[in-house]
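Q: I have a structure I would like to understand better, so I am pasting it below and will then ask my questions one at a time.
2 protein chains.
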Amino acid sequence: MLSAIKTALQAPARRSRNAPSGLRPNAQGATPPLSPLEREVVGLAMRAGQILGLPKSVGAIYGLLYLSPRPLTMEEIMERLRISLGSASQGLRQLRSFKAVRPVYVPGARREHFEAEDQFRKLIGNFLDDEVNAQLELAGEHLGGLAKLIEHEPAANRDWLRQRLEKLENVNANARRLLALMARFLA
Amino acid sequence: MLSAIKTALQAPARRSRNAPSGLRPNAQGATPPLSPLEREVVGLAMRAGQILGLPKSVGAIYGLLYLSPRPLTMEEIMERLRISLGSASQGLRQLRSFKAVRPVYVPGARREHFEAEDQFRKLIGNFLDDEVNAQLELAGEHLGGLAKLIEHEPAANRDWLRQRLEKLENVNANARRLLALMARFLA
DNA sequence: AAATCTTTTCATTTTTTATTGAAAAATTTG
DNA sequence: CAAATTTTTCAATAAAAAATGAAAAGATTT
Numbered sequence: 548m549l550s551a552i553k554t555a556l557q558a559p560a561r562r563s564r565n566a567p568s569g570l571r572p573n574a575q576g577a578t579p580p581l582s583p584l585e586r587e588v589v590g591l592a593m594r595a596g597q598i599l600g601l602p603k604s605v606g607a608i609y610g611l612l613y614l615s616p617r618p619l620t621m622e623e624i625m626e627r628l629r630i631s632l633g634s635a636s637q638g639l640r641q642l643r644s645f646k647a648v649r650p651v652y653v654p655g656a657r658r659e660h661f662e663a664e665d666q667f668r669k670l671i672g673n674f675l676d677d678e679v680n681a682q683l684e685l686a687g688e689h690l691g692g693l694a695k696l697i698e699h700e701p702a703a704n705r706d707w708l709r710q711r712l713e714k715l716e717n718v719n720a721n722a723r724r725l726l727a728l729m730a731r732f733l734a
Numbered sequence: 548m549l550s551a552i553k554t555a556l557q558a559p560a561r562r563s564r565n566a567p568s569g570l571r572p573n574a575q576g577a578t579p580p581l582s583p584l585e586r587e588v589v590g591l592a593m594r595a596g597q598i599l600g601l602p603k604s605v606g607a608i609y610g611l612l613y614l615s616p617r618p619l620t621m622e623e624i625m626e627r628l629r630i631s632l633g634s635a636s637q638g639l640r641q642l643r644s645f646k647a648v649r650p651v652y653v654p655g656a657r658r659e660h661f662e663a664e665d666q667f668r669k670l671i672g673n674f675l676d677d678e679v680n681a682q683l684e685l686a687g688e689h690l691g692g693l694a695k696l697i698e699h700e701p702a703a704n705r706d707w708l709r710q711r712l713e714k715l716e717n718v719n720a721n722a723r724r725l726l727a728l729m730a731r732f733l734a
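Sequences listed follow chains A and B, in order. Numbers 548 to 734, taken from the working numbering, label the letters of the first sequence in order. Numbers 548 to 734, taken from the working numbering, label the letters of the second sequence in order.
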């Protein structure tokens, strides 16, 4: 686990005196450590994200924003989670890419602020579309080309292999149906 | 990617002369390289497995067995996929643990033989039960304890935080419903 | 348009995960 | 029950993934 986040999650560590490199300290001054509630929710989001194959820092950012009553800047995110500039930037980019997080206009603020999408329907819908469906289609295309490779197999196996490939195609088709069912459930 | 599997997938490489360490050469003699069809299906299984968070070698083993008209021994799996003893042993263990592969009795054979479970209903059902459901329950337990942490938050935020936590609990409940729906679809 | 501030990029470093293979354990055979 | 064979375990290594932070690029202000 990212040791900085581990630290942020476990120890109510005191904030380091030095500003993170390349950015000047937040105007407000001290960044408070994560509260117990925040630690829990950030941890939860990290685990949930990992199931979907996201880096821990990405889940952590989402968790922090989800529990924040006001939009946060990238700098605040960095400081509170104790992650680097690069992680914060890339994590936010990834979260924006599937609309789990959106930039919000904050009047008079120079820095960009972010807030979490809290409609999980949308979140999950996007994920199913972008990730799962894409994979299914890719697999479907591959499967199409396989039948003709059977000719290169020993004659004795061909019928059996044909059955197996057919079964794979059924699975693909059923997976699409299941996906559609899930989409309906979410709507 | 595991370079040996990469090799096995791409080059119709000639079998190495030396027997793999610790095992004497297969009685039948030469192990044929993967056929084009096998290469495709093994690759497909690797990718599918990765979506579920499995190591590539595990997906590869399943793919090879899925396309094999007869049960294979661990040694045959090692040789054909060109993976190590340890990977084969651990991969088979993992596959057996969620019943994607089962040992088959082959009369007169000393070595254990394996075949792939080809009923994807069962496979997916097991996966949903063991992995997804377990995670949901874990998350559910965590969520239960969070409400009392709200007391430690600034009073001004408490109502808002309560709403957010409530939403999370709804999501958890809905996810369970969705899981039940999927189970019904599979049956 | 120079200076200042903010964000992105990306080569390097760190961390995590997967693989290997020798040794230990278990099993089977004679 | 000893020898031979097969399977599992696990410490070491290799490969892959994530995080870091300095430098480049992009904005905004004065």
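Each residue gets a CB set at the ideal place from its N, CA and C atoms; glycine is no exception. Quantities reported herein were computed from a predicted structural model and do not represent experimental measurements.
With distances taken Cα to Cα, identify the nearest neighbour of ASN717 (chain A) among A:ALA681, A:GLY691, A:GLN641.
A: The count along the first sequence starts at 1 and reaches residue 717 (chain A) at position 170. The shortest Cα separation from ASN717 (chain A) among A:ALA681, A:GLY691, A:GLN641 belongs to A:GLY691.
Q: Listed from N- to C-terminal order along the chain, which residues in the segment 674 to 690 of chain B have their beta-carbon within a distance smaller than 9 Å of any beta-carbon of chain A?
A: GLU678, VAL679, GLN682, LEU685, ALA686, HIS689, LEU690
Q: Please go through the same chain and pick out, in chain order, the residues whose beta-carbon is closer than 7 Å to the beta-carbon of LEU693 (chain A), but skip the five residues on each side of it.
A: Walking along the first sequence from the start, residue 693 (chain A) turns up at place 146. Excluding positions up to five away in sequence, the list reads LEU712.
Q: Within the 7 Å Cβ cut-off, does PRO579 (chain B) reach chain A?
A: In the second sequence, counting from the first residue as 1, residue 579 (chain B) sits at position 32. For PRO579 (chain B), the answer is no, since every Cβ of chain A falls outside 7 Å of its Cβ.
Q: Less than 7 Å between CB atoms is the rule here; does ASN573 (chain A) satisfy it with respect to chain B?
A: Along the first sequence, read from residue 1 onward, the residue named residue 573 (chain A) stands at position 26. Note that ASN573 (chain A) scores 48 on pLDDT, short of 50, meaning its location in the model is unreliable and no value can be drawn from it.
Q: Just curious, the alpha helix (DSSP H) that HIS699 (chain A) is in, first and last residue?
A: Position 152 of the first sequence holds residue 699 (chain A). Taken as a continuous stretch (DSSP letters only), HIS699 (chain A) belongs to no alpha helix (DSSP H), as it is neither H nor E.
Q: Give the C-beta separation of LEU612 (chain B) and VAL648 (chain B) to the nearest angstrom, bearing in mind that I take them to be a contact with Cβ-Cβ under 8 Å.
A: Counted from its first residue, the second sequence places residue 612 (chain B) at position 65. Counted from its first residue, the second sequence places residue 648 (chain B) at position 101. Contact flag correct, Cβ pair sits at about 6 Å.
Q: Tell me which residue opens and which closes the beta strand (DSSP E) that PRO650 (chain B) is part of.
A: Here residue 650 (chain B) is taken as the residue at index 103 of the second sequence, counted from 1. Per DSSP, PRO650 (chain B) belongs to the beta strand (DSSP E) from 648 to 651.
Q: Is the distance from the Cβ of ALA577 (chain A) to the Cβ of VAL589 (chain A) below 7 Å?
A: Sequence index remark: in the first sequence, residue 577 (chain A) carries index 30 (1-based). Sequence index remark: in the first sequence, residue 589 (chain A) carries index 42 (1-based). Not a contact, by the Cβ cut-off of 7 Å.
Q: On the criterion of 16 or more Cβ atoms from any shown chain inside 10 Å, does ALA727 (chain A) qualify as buried, or is it exposed?
A: As a working note, residue 727 (chain A) is residue 180 in the first sequence. Label assigned to ALA727 (chain A): exposed.
Q: Buried or exposed, going by whether 16 or more other CB atoms sit within 10 Å of the CB of ILE624 (chain A)?
A: Locating residue 624 (chain A) in the first sequence gives position 77, counting from the first residue. Counting Cβ neighbours within 10 Å, ILE624 (chain A) comes out buried, since at least 16 surround it.
Q: Taking DSSP as the reference, what is the three-state secondary structure of LEU733 (chain B)?
A: Your numbering for residue 733 (chain B) matches position 186 in the second sequence. Here LEU733 (chain B) sits in helix by DSSP.
Q: Smallest Cα separation from PHE645 (chain B): which of B:ARG731, B:ALA686, B:ALA592, B:LEU675?
A: The residue you call residue 645 (chain B) lines up with position 98 of the second sequence. Ranking B:ARG731, B:ALA686, B:ALA592, B:LEU675 by Cα distance to PHE645 (chain B) puts B:LEU675 first.
Q: Looking at chain B, which residues of the segment 713 to 734 of chain A have a Cβ within less than 7 Å of any of its Cβ atoms?
A: Per Cβ criterion, the list reads LYS714, VAL718, LEU725, LEU728, MET729, PHE732.
Q: Are the C-beta of SER587 (chain B) and some C-beta of chain A separated by less than 7 Å?
A: In the second sequence, residue 587 (chain B) corresponds to position 40, counting from 1. It should be noted that the sequence gives Glu, not Ser, for residue 587 (chain B). Cβ-Cβ to chain A under 7 Å: yes for GLU587 (chain B).
Q: Do we get a CB-CB distance below 7 Å when we pair LEU628 (chain B) with the residues of chain A?
A: What you label residue 628 (chain B) is simply residue 81 of the second sequence in a count that begins at 1. For LEU628 (chain B), the answer is no, since every Cβ of chain A falls outside 7 Å of its Cβ.
Q: Give every residue of the same chain whose Cβ lies closer than 6 Å to the Cβ of GLY610 (chain A), excluding the five residues on either side of it in the sequence, and list them in chain order.
A: For the purposes of this step, residue 610 (chain A) is taken as residue 63 along the first sequence, with counting starting at 1. If we look at GLY610 (chain A) and ignore the five residues flanking it on each side, its Cβ neighbours are VAL588, VAL589, ALA592.
Q: In chain B, which residues lie with their C-beta within 8 Å of the C-beta of LEU614 (chain A)?
A: In the first sequence, counting from the first residue as 1, residue 614 (chain A) sits at position 67. Within chain B, the residues near LEU614 (chain A) are LEU708, ARG711.
Q: Assuming GLN641 (chain A) and VAL605 (chain A) are in contact, meaning their beta carbons sit under 8 Å apart, how far apart are those beta carbons, in whole angstroms?
A: Reading the first sequence from its first residue, position 94 is the one you call residue 641 (chain A). Reading the first sequence from its first residue, position 58 is the one you call residue 605 (chain A). Yes, they are in contact, since the Cβ atoms of GLN641 (chain A) and VAL605 (chain A) sit about 5 Å apart, within 8 Å.
Q: Specify the secondary structure class of LEU599 (chain B) as computed by DSSP and reduced to three states.
A: Taking the second sequence and counting its residues from 1, one reaches residue 599 (chain B) at position 52. In this structure, LEU599 (chain B) counts as coil in the three-state DSSP scheme.
Q: To the nearest angstrom, how far is it from the Cα of LEU683 (chain B) to the Cα of PHE732 (chain B)?
A: Here residue 683 (chain B) refers to the residue found at position 136 when the second sequence is read from its first residue. Here residue 732 (chain B) refers to the residue found at position 185 when the second sequence is read from its first residue. Distance between the alpha carbons of LEU683 (chain B) and PHE732 (chain B): 19 Å.
Q: Run through the DSSP bridge pairs and tell me what GLU662 (chain A) is partnered with.
A: Numbered from 1 along the first sequence, position 115 holds the residue referred to as residue 662 (chain A). Paired residues: A:ARG649.
Q: Kindly indicate which residue of B:ASN721, B:LEU614, B:ARG723 has the alpha-carbon position closest to the one of PHE661 (chain B).
A: Position 114 of the second sequence holds residue 661 (chain B). Closest option to PHE661 (chain B), Cα to Cα, is B:LEU614.
Q: Quick check: the Cα distance between ARG618 (chain A) and PRO650 (chain A), rounded to an integer number of angstroms?
A: Stepping through the first sequence from its first residue, residue 618 (chain A) is reached at position 71. Stepping through the first sequence from its first residue, residue 650 (chain A) is reached at position 103. According to the sequence provided, residue 618 (chain A) is Pro. The question's Arg does not apply to it. Distance between the alpha carbons of PRO618 (chain A) and PRO650 (chain A) is about 8 Å.
Q: Using DSSP with H/G/I as helix, E/B as strand and the rest coil, what is LEU614 (chain A)?
A: Here residue 614 (chain A) refers to the residue found at position 67 when the first sequence is read from its first residue. Looking at LEU614 (chain A) - three-state DSSP - the assignment turns out to be coil, as it is neither helix nor strand.
Q: State yes or no: is the C-beta of PRO583 (chain B) within less than 7 Å of the C-beta of LEU696 (chain A)?
A: By 1-based counting over the second sequence, the position of residue 583 (chain B) is 36. By 1-based counting over the first sequence, the position of residue 696 (chain A) is 149. Going by C-beta atoms, PRO583 (chain B) is nearer than 7 Å to LEU696 (chain A).
Q: In chain A, what lies closer than 7 Å to PHE667 (chain B) by C-beta?
A: Indexing the second sequence from 1 puts residue 667 (chain B) at position 120. Going along chain A in sequence order, the residues near PHE667 (chain B) (Cβ under 7 Å) are VAL718.
Q: Measuring CA to CA, which of B:SER634, B:ALA686, B:ASP706 is closest to LEU601 (chain B)?
A: Your numbering for residue 601 (chain B) matches position 54 in the second sequence. With distances taken between CA atoms, LEU601 (chain B) lies nearest to B:SER634 out of B:SER634, B:ALA686, B:ASP706.
Q: Along the alpha helix (DSSP H) that carries ALA577 (chain B), what are the first and last residues, could you check?
A: Within the second sequence, residue 577 (chain B) is the residue found at index 30, counting from 1. Neither: ALA577 (chain B) is in no alpha helix (DSSP H) and is coded neither H nor E.
Q: Distance check for ALA656 (chain A) and ALA703 (chain B), CA to CA, integer angstroms please.
A: Start at 1 with the first residue of the second sequence, and residue 703 (chain B) comes out as number 156. Start at 1 with the first residue of the first sequence, and residue 656 (chain A) comes out as number 109. Using only the alpha carbons, I get a separation of about 23 Å.
Q: Return the residue from the list B:GLY596, B:LEU725, B:ILE671, B:THR620 that minimises the CA-CA distance to ARG658 (chain B).
A: Stepping through the second sequence from its first residue, residue 658 (chain B) is reached at position 111. With distances taken between Cα atoms, ARG658 (chain B) lies closest to B:THR620.
Q: What's the call for LEU685 (chain A), buried or exposed, on a 16-neighbour Cβ count within 10 Å?
A: As a position in the first sequence, residue 685 (chain A) is number 138, starting the count at 1. So LEU685 (chain A) ends up on the exposed side.
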